[in-house]
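The sequence shown finishes on residue 266 if you use the numbering used here, and the numbering steps up by one all the way, no holes.
Worksheet for the structure shown next.
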Amino acid sequence: MNIVGQPVRHRTFGPGVITALTGGIATVCFQDSEKQFIYPDAFKDFLTLKDRGIQQRIEEQAACKEAAIQERNQEEQAQRSRRQKLLNFKVISNSHAAFNIPSEQAGQVCKTYTLSTGTYLSGYFKGQPRVADRIKPNSVCLLTSRPDGQAEPERRIIGACMVAEDFFGEDSRDGIIKGHLQYRLAVPAERQMLFWEYFNRSTPPCWGKTPFKYCSGDMIHKILFKLMEFSETAAQREASVEFYEYFCRRNLLPPLAPPDANAGTV
């Protein structure tokens with residue numbers, strides 16, 4: 001928009017004419033002086049064009065610029081808060097979760113590693129997304145599924161993923177957990193492990209109605225260690241070892257045994 005030559009009034013310096021607009025700086029020639037102003041900011045509080053239509057468009061530009069600055073400032077503040085939260089968060093043993101993946105959704109979930117926490121089934125928040133407040137940046141999401149027609153004891157471990165490095169379940173209100181872009185595993189169908197074998201034998205294999213269950217770090221540790229043995233190729237083995245080592249670092253745990261990236265492949 002060309003505003004050079006437009007008559008303008010400043011609330012202190014009086015009437016003038018815009019003589020230049022370069023690099024976000026508007027130059028205005030008044031009767032006794034020449035002044036420079038930030039464009040379009042100055043047109044919001046100090047300068048008023050004679051042409052009201054152009055003035056309105058410039059004020060809209062100024063409002064958009066201010067909104068963009070506020071949004072950027074809010075995002076920078078949010079990033080600072082996330083960094084501080086990452087520095088201060090404490091690892092807890094039961095911050096991991098196993099998810100019930102319907103068999104017809106298993107293929108898609110093992111591609112996207114996007115998980116739903118479901119909704120509250122009763123109480124004040126009934127129908128709203130369930131808040132997985134224990135899930136932290138150290139958390140593993142274990143993917144489990146029960147084959148069609150099979151009883152609950154036949155539930156299988158079909159995959160696993162770490163959560164994103166800055167994910168805190170308490171801050172997520174949409175009920176969606178996105179898996180880490182790198183640390184994720186799909187277990188080959190012929191090598192899937194029985195989920196309930198990792199529970200105390202006195203615990204009956206009963207899932208219930210919720211999409212996920214919290215799990216202990218010890219249980220997840222044993223499962224991830226075992227998954228390293230079930231890789232079919234060298235690439236899968238390497239990925240599972242990297243996953244396991246990352247899990248141990250995040251959870252301040254010593255490996256159960258030194259991982260061997262070359263062992264266990266077929």
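Just so it is clear, CB atoms sit at the ideal spot from N, CA and C, and this is done for glycine as well.
Closest Cα partner of Val163 within the set Ala189, Ile69 and Tyr113: Tyr113
Reference Pro205, options Pro211, Glu165, Phe195 and Leu115, closest by Cα: Phe195
Pick from Leu87, Ile25, Thr233 and Phe212 that is closest to Pro188, judged by C-alpha positions: Thr233
Alpha carbon of Asp166 to alpha carbon of Val91, nearest angstrom: 14 Å
With 16 other Cβ atoms within 10 Å as the buried cut-off, status of Phe247: buried
Neighbour-count burial assignment, Cys64, 16 or more Cβ in a 10 Å radius: exposed
Opening and closing residue of the beta strand (DSSP E) in which Thr114 lies: Thr114 to Ser116
Boundaries (first-last residue) of the beta strand (DSSP E) holding Leu87: Here Leu87 belongs to no beta strand (DSSP E); instead the alpha helix (DSSP H) covers Arg52 to Asn88.
Proximity below 9 Å, CB of Glu76 to CB of Asp133: no
Bounding residues of the beta strand (DSSP E) (the contiguous stretch that carries Leu143): Val140 to Ser145
Helix, strand or coil at Ala26 [DSSP, three-state]: strand
Host alpha helix (DSSP H) of Arg237 (start-end): Ala234 to Arg250
Run of the alpha helix (DSSP H) containing Gly127, from where it starts to where it stops: Careful: Gly127 lies outside any alpha helix (DSSP H) and carries neither H nor E.
Entirely enclosed beta strand (DSSP E) segments - the stretch 186 to 217, minimum 3 residues: Entirely contained in the stretch 186 to 217, the beta strand (DSSP E) runs reaching 3 residues are, in chain order, 212 to 215.
Residues bridged to Asn100 [DSSP beta-bridge criterion]: Thr144
Cβ of Glu104 within 9 Å of any chain D Cβ: Any reference to chain D falls outside this structure, which holds one protein chain only.
Range covered by the beta strand (DSSP E) that runs through Lys136: Neither: Lys136 is in no beta strand (DSSP E) and is coded neither H nor E.
Thr144 vs Arg130 beta-carbon contact at 9 Å: no
Buried/exposed call for Pro254, threshold 16 Cβ in 10 Å: exposed
For Leu256, the three-state DSSP class (helix, strand or coil): coil
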